[in-house]
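Undergrad:
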Amino acid sequence: MARPGRRPRTSSRRAPLPLLAAAALVAACAAAPLVQLIVRAASGGAEAAATALLRPRTVELLANTLILVATVSVAALLLGITLAVAAVRVRLPGRRLWWVALCLPLAVPSFVAAFAWTATWPTVDGFWPLVIVLTLCTAPYVTLPAMAALSTLDDGLVDVARTLGRSRARVFLTIVLPHVLPAAAAGALLVALYTLSDFGAPAILRFETLTTGIYAQFSSGFDRTLAATTALLLAVVAMFCVAGERVVRPRPARIRTAVTSRPPTELGRARTALTLCGLGAVTAAAVAFPLVALGIRMLSSDRYSSAPTDLVGALVTTLGVSALAATVAVLLALPVSVLAARFRGPVVAGLESVSYLGHALPGVVVALALVTLSLQFFPGAYQSILVLLVAYAVLFLPKTVGASRTAVAQVPPELEEVSRSLGRGPVRTWIRVTLPAALPGILAGWVLVATAVAKELPATLMLRPIGFETLATELWSKTSLGAYGAAAPVGLLLIVAGIAPALLLARGLERRRGSDGPTRADALAGTVRREA
Numbered sequence: 015m016a017r018p019g020r021r022p023r024t025s026s027r028r029a030p031l032p033l034l035a036a037a038a039l040v041a042a043c044a045a046a047p048l049v050q051l052i053v054r055a056a057s058g059g060a061e062a063a064a065t066a067l068l069r070p071r072t073v074e075l076l077a078n079t080l081i082l083v084a085t086v087s088v089a090a091l092l093l094g095i096t097l098a099v100a101a102v103r104v105r106l107p108g109r110r111l112w113w114v115a116l117c118l119p120l121a122v123p124s125f126v127a128a129f130a131w132t133a134t135w136p137t138v139d140g141f142w143p144l145v146i147v148l149t150l151c152t153a154p155y156v157t158l159p160a161m162a163a164l165s166t167l168d169d170g171l172v173d174v175a176r177t178l179g180r181s182r183a184r185v186f187l188t189i190v191l192p193h194v195l196p197a198a199a200a201g202a203l204l205v206a207l208y209t210l211s212d213f214g215a216p217a218i219l220r221f222e223t224l225t226t227g228i229y230a231q232f233s234s235g236f237d238r239t240l241a242a243t244t245a246l247l248l249a250v251v252a253m254f255c256v257a258g259e260r261v262v263r264p265r266p267a268r269i270r271t272a273v274t275s276r277p278p279t280e281l282g283r284a285r286t287a288l289t290l291c292g293l294g295a296v297t298a299a300a301v302a303f304p305l306v307a308l309g310i311r312m313l314s315s316d317r318y319s320s321a322p323t324d325l326v327g328a329l330v331t332t333l334g335v336s337a338l339a340a341t342v343a344v345l346l347a348l349p350v351s352v353l354a355a356r357f358r359g360p361v362v363a364g365l366e367s368v369s370y371l372g373h374a375l376p377g378v379v380v381a382l383a384l385v386t387l388s389l390q391f392f393p394g395a396y397q398s399i400l401v402l403l404v405a406y407a408v409l410f411l412p413k414t415v416g417a418s419r420t421a422v423a424q425v426p427p428e429l430e431e432v433s434r435s436l437g438r439g440p441v442r443t444w445i446r447v448t449l450p451a452a453l454p455g456i457l458a459g460w461v462l463v464a465t466a467v468a469k470e471l472p473a474t475l476m477l478r479p480i481g482f483e484t485l486a487t488e489l490w491s492k493t494s495l496g497a498y499g500a501a502a503p504v505g506l507l508l509i510v511a512g513i514a515p516a517l518l519l520a521r522g523l524e525r526r527r528g529s530d531g532p533t534r535a536d537a538l539a540g541t542v543r544r545e546a
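In my numbering, the protein residues as written are 15 to 546.
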């Protein structure tokens, strides 16, 4: 069995050809949207691409996007580290409940939070409201890895520094902060990727970014070369965020070392009360405010009330397409996951890396590429459920590949070898031995994908069949009409849908409190990346 903190064993023998072929096919599907964008952008020549990139409108959208990404990332980094220190290093009443509360903002889609803001203050929009909304929604991507990193800090170093006369502030800046910063910085880059890819919140709060610009081009009978060039620009910036996250991400600990730990710090009644007020204010702004605002709007509005049939229809459609898309994604992920978990080599590493491309591609980029691909090669498939499922699979394949790969890798290869020695073939061994043991992890990936599909907005808007309404598109339609009372119950249902992965993270955080520090930090960081 793989030891905690170490990479599970893989085989250097050659992978079976059918498994390799299946994984290659999945990787080709994942790469197709990006390849199409490159081909389309290059089809007009270098001069046309340069003209599209340097036109004032593109430069303005790029500047808006980069300023927004930088501001939200820094704000989330500062807020996330502060919350992590308060939750881990300070003795608080109800400490476990606060750990759960810090995961809950992940349950609130950013466009639902933006709608709650608009429904409460219709005239307040633009850059700073958007920064506040995105910071509150994405802070857990910094908070949770920072909490895991803080839990591995050797308090003996802190004690030595204090005995040498260093102040608390200096100890924090010289010992605590350098220890937690790599994990927090990796989380901040995930925040940057989320902000870069977000479409709904900027659109609702009326701040123009690359994603809203691409959607506007699509909606107005777009110039395909111009749209592809803009989308490729967005994809390149997103890939820089992903590459940066991989560079600064803390490496898994390979040697377990003894660390000195001590109970959380007692602050005294006044400062403890102040800390609780701060945690409560952030949780209230991120979670309670959207719930209360939507509830009040739903109960107080007698205009534009939503027809129950519309709400039920959107809910049924969302549940159905989420389950179907999650199942498709899991099935597509299995060849890549098994290959990566059981074999090694440059080909295996390359196929696994390509399958993660969806992690770097915003939904609007994948949707635009699939619109062009379907119109060019399969005109009858345009605006069909098939193309929509392909988009979901490309976007969310990394979530289930990561979960399934980890689950399969944790199944001892010796069990499979024993089964094969008893005369069972590879397929029967997989069904009878590997699959039952790996099923919990695979199902966790299924839940993550299903929840992400339910909240996906731009790809669904651009690729859905006529008359196809999910909860996300229903909220978008009602908001566009100003029917805030009708949109409120839809927003509440979307928040409920997001609670599942948030609680999974909270459960994983609590469960790993008893494991060794490096293992806990590495496992939690991987879970946060899959959720992102």
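Note that CB positions come from ideal geometry on N, CA and C, so glycine has one too.
1. Should Gly459 be labelled buried (16 or more other beta-carbon atoms within 10 Å of its own) or exposed?
2. Over the uninterrupted alpha helix (DSSP H) stretch that includes Thr152, give me the two end residues.
3. Would the beta-carbon of Lys492 fall within 8 Å of that of Val510?
4. From Ser184 to Thr297, what distance separates their C-alpha atoms?
5. Kindly list the residues whose CB is nearer than 7 Å to the CB of Val467, restricted to its own chain and excluding five residues on each side of it in sequence; keep chain order.
6. Using alpha carbons as the reference points, say which of His373, Leu51, Asp139 lies closest to Pro412.
7. Taking 8 Å as the threshold (C-beta atoms), are Ser369 and Ala44 in contact?
8. Which word fits Ala130, buried or exposed, when buried means at least 16 other C-beta atoms lie within 10 angstroms of its C-beta?
9. Count the other CB atoms within 10 Å of the CB of Ala473; is the residue buried (16 or more) or exposed (fewer)?
10. Quick check on the burial criterion: 16 or more other C-beta atoms within 10 angstroms. Buried or exposed for Ala29?
11. Return the first residue and the last residue of the alpha helix (DSSP H) that Ala302 is part of.
12. Which two residues bound the contiguous alpha helix (DSSP H) that contains Glu428?
13. Taking DSSP as the reference, what is the three-state secondary structure of Gly292?
14. Does the beta-carbon distance from Ile310 to Val194 come in below 8 Å?
15. Ordered along the chain, which non-local residues of its own chain (more than five positions away) have a Cβ less than 7 Å from that of Ala101?
16. Roughly how many whole angstroms lie between the Cα atoms of Val145 and Ala451?
17. Helix, strand or coil for Ser388 per DSSP?
18. Whose CA, out of Arg69, Ala90, Ala245, Ala41, lies closest to the CA of Ala55?
19. Measuring alpha carbon to alpha carbon, tell me which of Ala199, Glu366, Arg180 ends up nearest Arg597.
20. Using DSSP with H/G/I as helix, E/B as strand and the rest coil, what is Ser491?
21. Shortest alpha-carbon distance to Pro136 belongs to which of Gly170, Thr65, Arg220?
22. Is it true that the CB of Val422 sits closer than 8 Å to the CB of Thr443?
23. Given that a residue counts as buried once 16 or more other Cβ atoms are within 10 Å of its Cβ, and exposed if not, what is Arg356?
24. With distances taken from CA atoms, which of Val461, Ala153, Ala127, Val362 is nearest Phe303?
25. I think Ala133 touches Ala328, with their Cβ atoms under 8 Å apart; what is that distance to the nearest whole Å?
26. Smallest Cα separation from Asp169: which of Arg182, Leu82, Cys151, Leu158?
27. Using a Cβ-Cβ cutoff of less than 7 Å, which residues in the same chain neighbour Glu280 once the five nearest sequence positions on both sides are dropped?
28. Could you tell me which of Pro196, Glu74, Thr72 sits nearest to Leu91, measuring between CA atoms?
29. Given this structure, state the Cα-to-Cα distance separating Val174 from Thr289, to the nearest angstrom.
30. Starting from the C-beta of Gly201, find all residues in its chain whose C-beta is less than 6 Å away, skip the five residues before and the five after it, and write them out in chain order.
31. Out of Ala37, Ile189, Val205, Thr79, state which residue places its alpha-carbon closest to the alpha-carbon of Val88.
32. May I ask you to report which of helix, strand or coil DSSP gives Leu203?
TA: Quick look at the numbers:
1. Locating residue 459 in the sequence shown gives position 445, counting from the first residue. So Gly459 ends up on the buried side.
2. One-based indexing of the sequence shown puts residue 152 at position 138. Start and end: 141 to 152.
3. What you label residue 492 is simply residue 478 of the sequence shown in a count that begins at 1. What you label residue 510 is simply residue 496 of the sequence shown in a count that begins at 1. Taking 8 Å as the Cβ cut-off, Lys492 and Val510 do not qualify as a contacting pair.
4. To locate residue 184, count along the sequence shown from 1; it is residue 170. To locate residue 297, count along the sequence shown from 1; it is residue 283. The sequence given here places Arg at residue 184; Ser does not occur at that position. C-alpha separation (whole angstroms): 29 Å.
5. Walking along the sequence shown from the start, residue 467 turns up at place 453. Counting only Cβ-Cβ distances below 7 Å, and skipping sequence neighbours, we find Val335, Ser336, Ala339, Ala340, Tyr406, Phe410.
6. One-based indexing of the sequence shown puts residue 412 at position 398. Sorting His373, Leu51, Asp139 by C-alpha distance to the C-alpha of Pro412 places His373 at the top.
7. The residue given as residue 44 occupies position 30 in the sequence shown. The residue given as residue 369 occupies position 355 in the sequence shown. A contact, by the Cβ cut-off of 8 Å.
8. On the sequence shown, position 116 is the one that residue 130 refers to. Buried, since its Cβ has 16 or more Cβ neighbours within 10 Å.
9. To locate residue 473, count along the sequence shown from 1; it is residue 459. By the neighbour-count rule (16 or more Cβ atoms within 10 Å), Ala473 is buried.
10. Along the sequence shown, read from residue 1 onward, the residue named residue 29 stands at position 15. Burial call: buried.
11. For the purposes of this step, residue 302 is identified with residue 288 of the sequence shown, where counting begins at 1. Unbroken run through Ala302: none, as it is neither H nor E.
12. Position 414 of the sequence shown, counted from the first residue, corresponds to residue 428. Where Glu428 is concerned, the enclosing alpha helix (DSSP H) stretches over 427 to 435.
13. As a first step, residue 292 is located in the sequence shown; it is residue number 278 there, counting from the start. DSSP places Gly292 in helix when its eight states are reduced to three.
14. Along the sequence shown, one-based indexing puts residue 310 at 296. Along the sequence shown, one-based indexing puts residue 194 at 180. No, these two residues do not count as a Cβ contact at 8 Å.
15. Residue mapping note: residue 101 aligns to position 87 of the sequence shown, counting from 1. Cβ neighbours of Ala101 beyond the five flanking positions: Trp112, Trp113, Leu116, Met161.
16. On the sequence shown, position 131 is the one that residue 145 refers to. On the sequence shown, position 437 is the one that residue 451 refers to. Going by the C-alpha atoms only, they are around 43 Å apart.
17. One-based indexing of the sequence shown puts residue 388 at position 374. Ser388 falls in the helix class under three-state DSSP.
18. What you label residue 55 is simply residue 41 of the sequence shown in a count that begins at 1. Comparing Cα-Cα distances from Ala55 to each of Arg69, Ala90, Ala245, Ala41, the minimum goes to Ala245.
19. Outside the modelled stretch of the chain, which goes from 15 to 546, sits residue 597, for which no answer is possible.
20. Counting from 1 along the sequence shown, the entry for residue 491 is found at position 477. Ser491: helix per DSSP, three-state reduction.
21. Residue 136 sits at position 122 when you count from the first residue of the sequence shown. Out of Gly170, Thr65, Arg220, Arg220 has the C-alpha closest to the C-alpha of Pro136.
22. Residue numbering aside, residue 443 sits at position 429 when the sequence shown is read from its first letter. Residue numbering aside, residue 422 sits at position 408 when the sequence shown is read from its first letter. Result no, Cβ atoms of Thr443 and Val422 do not sit closer than 8 Å.
23. Here residue 356 refers to the residue found at position 342 when the sequence shown is read from its first residue. Arg356 should be labelled buried.
24. Translated into the one-based positions of the sequence shown, residue 303 becomes position 289. Minimum Cα distance to Phe303 is reached at Ala127.
25. For the purposes of this step, residue 133 is taken as residue 119 along the sequence shown, with counting starting at 1. For the purposes of this step, residue 328 is taken as residue 314 along the sequence shown, with counting starting at 1. Actually they are not in contact, since the Cβ atoms of Ala133 and Ala328 sit about 18 Å apart, beyond 8 Å.
26. One-based indexing of the sequence shown puts residue 169 at position 155. Of the candidates Arg182, Leu82, Cys151, Leu158, the one whose C-alpha sits nearest the C-alpha of Asp169 is Arg182.
27. What you label residue 280 is simply residue 266 of the sequence shown in a count that begins at 1. Cβ within range, chain order: Arg105.
28. To locate residue 91, count along the sequence shown from 1; it is residue 77. It is Pro196.
29. As a position in the sequence shown, residue 174 is number 160, starting the count at 1. As a position in the sequence shown, residue 289 is number 275, starting the count at 1. Between Val174 and Thr289, the C-alpha separation is close to 26 Å.
30. Here residue 201 corresponds to residue number 187 of the sequence shown, with the count starting at 1. Excluding positions up to five away in sequence, the list reads Tyr155, Val156, Pro159.
31. Taking the first residue of the sequence shown as 1, we reach residue 88 at position 74. Ranking the options by Cα distance to Val88, first place goes to Val205.
32. The residue given as residue 203 occupies position 189 in the sequence shown. In the three-state scheme derived from DSSP, where H, G and I count as helix and E and B as strand, Leu203 is classed as helix.
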